[in-house]
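Undergrad:
In the working numbering, the protein residues as written are -4 to 373.
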């Protein structure tokens, strides 16, 4: 079979990465058929099929950006997440027919309100949602399997297994279709600490902490590429906006007059990108990205993490009250992603992204935070 041959060819060739090998064995969902048959790759279901909620909605007229082919269909996993929700709104505004995968009825209602077509399903389980996945463009933003407070070897291995399983359920389902492009979204933490100078996508990954959970899935992604799937891999850096970590750790404390927790004197260097620019970059990769290539999604100018709170307070015309803790105490920050961001420089070059014609709407942190403040006022 197409996928079997690609995976086998990849797994038998010499490895060059430094992670442990052989721990994660690739396994298909039950009942796969040959890709050349033109049938869905997941015919036998090993668990109850979730209902698919498909509701017709009038789509917005396209706005000029990425609107050359309004008949395209889009399938977005993680459609109710921080980045996924912004991406869905962008694609709908461009006039495309957007199917958004989500697990809850409440999130499905939010997707309907913005003009998307919700599909109820769970990436961890095969189901009827896989029949909707064979769209022209597929955006894979797999959510974290569960919220984890402390990062341990066991939790990393659990996240790794979940990610491999989610990828297999989606990519096997679309392999026999006519999907033009698959935009696979990972995270720049896969490259580990970079130092204060930006690195390019050609730098060798040195995953640590949270990034280690991505290693098995990204290894197996090469097998799908060898099998012919048109995959473009995106590595968003420090994504900010009116939500996620920025809202919890910066916006709400400053607006309420509370102290902002900061680690050390200056904080590490990071490469920010506004969530709207991140969504625009993902859609740009679907149209212009080269299959088999990897792209960092980040602004051109890195900033020190402490500057985010200072800039937001200045733009919002609010006082900034800070509570500083020693750098070593950042390991006790809530959640492994935030803890890792507080400890090491993570600076990435966007030269490859700009090389395929992408231009930022919010090229600086100040411009992006001004948009956030406007959104709060509205």
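Note that CB positions come from ideal geometry on N, CA and C, so glycine has one too. Source: prediction; values computed, not measured.
For the beta strand (DSSP E) that contains residue 316, what are its first and last residues?
TA: Counting along the chain, the beta strand (DSSP E) containing residue 316 begins and ends at 316 to 320.
Undergrad: Which term fits residue 370, buried or exposed, when burial requires 16 or more other beta carbons within 10 angstroms of its beta carbon?
TA: exposed
Undergrad: Quick one: residues in its chain with C-beta nearer than 6 Å to the C-beta of residue 201, no 5 flanking neighbours on either side, listed in chain order?
TA: 187
Undergrad: Run through DSSP, which three-state label would residue 256 get?
TA: strand
Undergrad: Tell me, please, which residues DSSP counts as bridged to residue 134.
TA: 71, 178
Undergrad: Can you give me the start and stop residues for the alpha helix (DSSP H) that residue 360 sits inside?
TA: 360 to 372
Undergrad: Compute the beta-carbon to beta-carbon distance between residue 118 and residue 182, rounded to the nearest angstrom, for a pair I have assumed lies under 8 Å.
TA: That belief does not hold up - the Cβ atoms of residue 118 and residue 182 are roughly 16 Å apart, past 8 Å.
Undergrad: Taking all protein chains shown into account, do 16 or more other C-beta atoms lie within 10 angstroms of the C-beta of residue 215, making it buried, or fewer, making it exposed?
TA: buried
Undergrad: Going by C-alpha distance, which of 66, 67, 104 is nearest residue 74?
TA: 104
Undergrad: Does the stretch 70 to 85 come close enough to the stretch 97 to 117 to have 3 or more Cβ pairs within less than 8 Å?
TA: yes
Undergrad: Report the start-end ranges of each alpha helix (DSSP H) in the stretch 145 to 207 that is 4 residues or longer and not cut off at the edges.
TA: 148 to 169
Undergrad: Residue 229: buried (16+ other C-beta within 10 angstroms of its C-beta) or exposed?
TA: buried
Undergrad: Mapping DSSP to helix, strand and coil, what is residue 86?
TA: helix
Undergrad: Apart from the five residues just before and just after residue 203, which ones in its own chain have a Cβ nearer than 6 Å to its Cβ?
TA: 187
Undergrad: Over what stretch of residues does the alpha helix (DSSP H) that includes residue 300 continue unbroken?
TA: 300 to 311
Undergrad: Taking Cβ to Cβ, would you say residue 293 is nearer than 9 Å to residue 343?
TA: yes
Undergrad: Taking only the alpha-carbon atoms, compute the straight-line gap between residue 251 and residue 313 and give it to the nearest angstrom.
TA: 10 Å
Undergrad: Under the three-state reduction of DSSP, which class applies to residue 353: helix, strand or coil?
TA: Reduced to three states, the DSSP call for residue 353 is coil.
Undergrad: Kindly indicate which residue of 286, 316, 150 has the alpha-carbon position closest to the one of residue 225.
TA: 286
Undergrad: Just to confirm the assignment: which complete alpha helix (DSSP H) runs, minimum length 4, are found wholly within the stretch 212 to 264?
TA: 247 to 251
Undergrad: When DSSP labels each residue in this structure, what does residue 24 get in the three-state scheme?
TA: Its pLDDT being 35, under 50, residue 24 is placed unreliably in this model, and the coordinates cannot settle the point.
Undergrad: Beta-carbon within less than 6 Å of residue 239's beta-carbon, same chain only, minus the 5 sequence neighbours each way: which residues are those?
TA: Once the five neighbours on either side are set aside, the close Cβ partners of residue 239 are 77.
Undergrad: Got a sec? Which residues, its chain only, sit under 6 Å from residue 360 by beta carbon, not counting five neighbours each side?
TA: Around residue 360: 267, 298, 306.
Undergrad: Just checking my contact of residue 166 with residue 72 at CB under 8 Å: how many whole Å lie between their CB atoms?
TA: With 8 Å as the limit, residue 166 and residue 72 do not qualify as a contact, their Cβ atoms being about 11 Å apart.
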